[in-house]
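Residue numbers (our numbering), protein chains in the order written: chain S, 10 to 427; chain C, 1030 to 1558.
The beta carbon of each residue, even a glycine, is placed where N, CA and C say it ideally should be.
These figures come from a predicted structure and were not determined experimentally.
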């Protein structure tokens, strides 16, 4: 059974960082990722089961890790060596309990909620965040009966999706996949859940101007989540949703998924200005200039210094910038944030969402499954690769936009395609 | 030698290649045998003493108007309004005709003891002129006498304190114009009638109006029913302006209209080959063409643009008439036709045109894709009387690089129109309904129009509406040598060469179409029989 293993190796980290400077994803061949033969890890405790992955996506955070660009912040909350892959649709090899109760029979198709919170780690009593259902904010991700790891795919004990030998998952991580969803739809459920969480965490009100910077997987799924959740009455309905997308196919997809306007990234500020009927401090050019008003909420789905600066230039005073794309160490002029009293908020993972009409809240993954089914988010899966071609796969993911793609995944299935 | 009239050449084996403009460049194209090329009449003889002619016109007015000196008296309020930088094209060699007319008017005002005199540039929703442009139009003497004292202003269609609501026409069209002009004892309007569209009641009713007023005729419905807007009796645009102009007159605003026509001597001698018929090119013309083409191909577009925009045209005065608006304009229109009219027998399946570097809205600026469309489908297409040169369902082939470049200071709303409107719709009616008002009332565009040198936020819509008649009439529009993405954004088809364009056109007009080329500039108007 083949597995892609990510090992701690400083020379390989360095090599990956150097090579990836020529383009994200190019360093996979010289980096710490190796294809090896290995069996699935043993279950660490009761309520853990084996899952055979079918498809497993390559996420921006995976790329940052493979490129050696990931923040050192994560060093103490991952454990090596680990098998990457936290966007997973797979099948159960045995009966198991699901995250929402009930028994899932062996062979069930499941998606993985990958955060390794208190329940998975056997920690009692659970931390306040987990007690509140906010597993993404779990304070115990380096403790308990498995080694540190914020998610499956970053933990040495659980395995990950980039493997044909399988992984282990705790019952709290398992969500059954309705038949209506294709495998491609299902492998996007995890990033859809991130998008749902970001949208429901943002203070959007009816009639708002919302800007989304970036139209890779994250940006497109935030667009999709926002349009679906607003239509379903789970969040307020913005007046306009403006998406800055670098490539033509991204603009097309953003339009299909609910953007009011999808336009080139360098035009987003102008569109925000026009829709918010704002003035611009930067004269007639108006592209990079700070707006006097601006968007009520900006979702930064890139996480670069440039995108954060762009967010701060187009958000209105007292507006909110939600960082959905994973940032690293950045240098940004925070003067506009201070002067305009902008709220800069992270948006990570998932948990329990408080939507209208739900007293106890609803799990992010349940909502994400609805979004994925309604909008067939599997359309974003542009190509799949076998593990043996991991260098090509990672390179494709690193250049996805330029190559007309969005989501790249590994095809690790043993059974037929659904 | 007497002046030769316009000419329709039928291309045969011996016909040399035909000059096509393409922005800041030009090329020679071989047209299929049997094609027609329409050439403008040669320039009319210039009036030898313009000042004398102007003075004569002011002293011998047309229609129900007294001579200008009889209208001037001490203590009166006099406002002299004049056409802006959009006329003439290219800008004429100094002295500009506006300077000559205004100096003469001011001399008469001074003789009559008139102290309260102000000059107003009739911008409508155009950009404000820069100081050097005003100096060029008015001359240093006039500029220095008025501008430092705040007596030379530019019409501000967004200044509520300086607009006066006149009333509504019998068609419900609101008329609101410059308050200073409307409340003067005499409004002298100084016009340049470069094309037949200009002048008449349009001078005041459009040039000094607000958006509230302009929207009644600058819209898709009006433009589709202006066939063409270069032919006043057949132009709904002009009908509306005439209704408004008559209302302005009835309200008591006293207008003394001074209209001028220029000959079509368009380019200075070093570019003389551009207005000659190719088979008459001298050795010097051929050498000039070769040297200019080669030089232009070596310089970046920006530099080529600077070279062309530095051209000053030797345009010369061919007529001046003054007095009551309608009487004056009837004579002016006849004089424009005398210079520009060409009889053409029958329509064509394909109309080709090489679009030059300049149109009324990019003087000292960039010809962006929307202006390319406007120049081709708005202006060139509409240079007819009777019926369009191209038949209904026919094809227009334009040659222009159509780069997606914009002057951010002059055309800020054009950028957003290109990126945010044309990506949604190219239908003039739909964009009028869904987008126009938000652009027209956008506070940033208003700010830039009032304080910078930006066209009004609604202006790109008007340019698009200018194309509405052609868009409804044509089966296809093809742009040769244009940026393919930009061309498609406009709803047109890109072609890499004229031959490719003809191939594409054959899908619409069949394999053996008739073809007519507009050898323009110099400007001409087709009288299509």
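Residue i, buried or exposed, once every other Cβ within 10 Å from all chains shown has been counted against 16
i	result
residue 1421(C)	exposed
residue 1554(C)	buried
residue 295(S)	With a pLDDT of 48 at residue 295(S), under the threshold of 50, the predicted position of this residue should be treated as unreliable, and no value is reported.
residue 1291(C)	buried
residue 1200(C)	exposed
residue 414(S)	buried
residue 1414(C)	buried
residue 140(S)	exposed
residue 27(S)	exposed
residue 363(S)	exposed
residue 53(S)	buried
residue 1480(C)	exposed
residue 1410(C)	buried
residue 1558(C)	exposed
Where residue i sits in the DSSP three-state scheme
i	result
residue 1479(C)	helix
residue 1350(C)	strand
residue 356(S)	coil
residue 351(S)	coil
residue 1282(C)	coil
residue 1473(C)	helix
residue 1335(C)	helix
residue 1512(C)	coil
residue 45(S)	strand
residue 57(S)	strand
residue 1080(C)	helix
residue 1126(C)	helix
residue 133(S)	coil
residue 1544(C)	strand
residue 998(C)	Lying outside 1030 to 1558, the shown extent of chain C, residue 998(C) is not represented and no answer is given.
residue 1041(C)	coil
residue 1069(C)	coil
residue 246(S)	coil
residue 1365(C)	helix
residue 1505(C)	strand
residue 77(S)	coil
Chain-ordered chain S contacts of residue i [CB-CB under 9 Å]
i	result
residue 1089(C)	Under the 9 Å cutoff, chain S gives no residues; its nearest Cβ is about 47 Å from residue 1089(C).
Where residue i meets chain D, residues with beta-carbon distance less than 8 Å
i	result
residue 1448(C)	The structure shown has no chain D; the protein chains it does contain are S and C.
Interface residues of chain S facing residue i [CB-CB closer than 7 Å]
i	result
residue 1493(C)	None at all; the shortest Cβ gap to chain S is about 17 Å.
residue 1144(C)	Within 7 Å Cβ-Cβ: nothing; residue 1144(C) doesn't reach chain S, min ~38 Å.
residue 1476(C)	288
Neighbour list for residue i in chain C, Cβ cutoff strictly below 7 Å
i	result
residue 289(S)	1473
residue 283(S)	1445, 1449, 1471
Residues sharing a beta bridge with residue i, DSSP
i	result
residue 984(C)	No answer is possible for residue 984(C): it lies beyond the span of chain C, which begins at 1030 and ends at 1558.
residue 1050(C)	1055(C)
residue 209(S)	Residue 209(S) is not bridged to any residue.
residue 1110(C)	1149(C), 1218(C)
residue 393(S)	418(S)
residue 1372(C)	1556(C)
residue 121(S)	183(S)
residue 1342(C)	1121(C)
residue 101(S)	60(S)
residue 66(S)	418(S)
residue 1539(C)	Looking at the DSSP assignment, residue 1539(C) forms no beta bridge with any residue, so it has no partner.
Contacts that residue i makes with chain C (C-beta to C-beta distance below 9 Å)
i	result
residue 286(S)	1467, 1470, 1471, 1472, 1473
Interface residues of chain S facing residue i [CB-CB closer than 8 Å]
i	result
residue 1452(C)	270, 272
Could you give the uninterrupted runs of the beta strand (DSSP E) lying entirely in the region 1171 to 1228 of chain C, keeping only those of 3 residues or more? Taken in chain order, the whole beta strand (DSSP E) runs of length 3 or more contained in the region 1171 to 1228 of chain C are 1181 to 1183, 1192 to 1197, 1203 to 1207, 1215 to 1221.
Quick check on the DSSP output: what are the complete alpha helix (DSSP H) runs of length 4 or more inside the region 284 to 324 of chain S, in order along the chain? Every alpha helix (DSSP H) of 4 residues or more that sits fully in the region 284 to 324 of chain S is shown, in chain order, as 314 to 323.
Taking only runs of the alpha helix (DSSP H) that begin and end inside the region 140 to 226 of chain S, which ones reach a length of at least 4 residues, in chain order? The alpha helix (DSSP H) runs of length 4 or more contained entirely in the region 140 to 226 of chain S are, from start to end of the chain, 192 to 196, 198 to 210.
Note down, one range per segment and in chain order, each beta strand (DSSP E) of at least 3 residues found wholly within the region 1377 to 1437 of chain C. Within the region 1377 to 1437 of chain C, the complete beta strand (DSSP E) runs of at least 3 residues are 1377 to 1383, 1419 to 1428.
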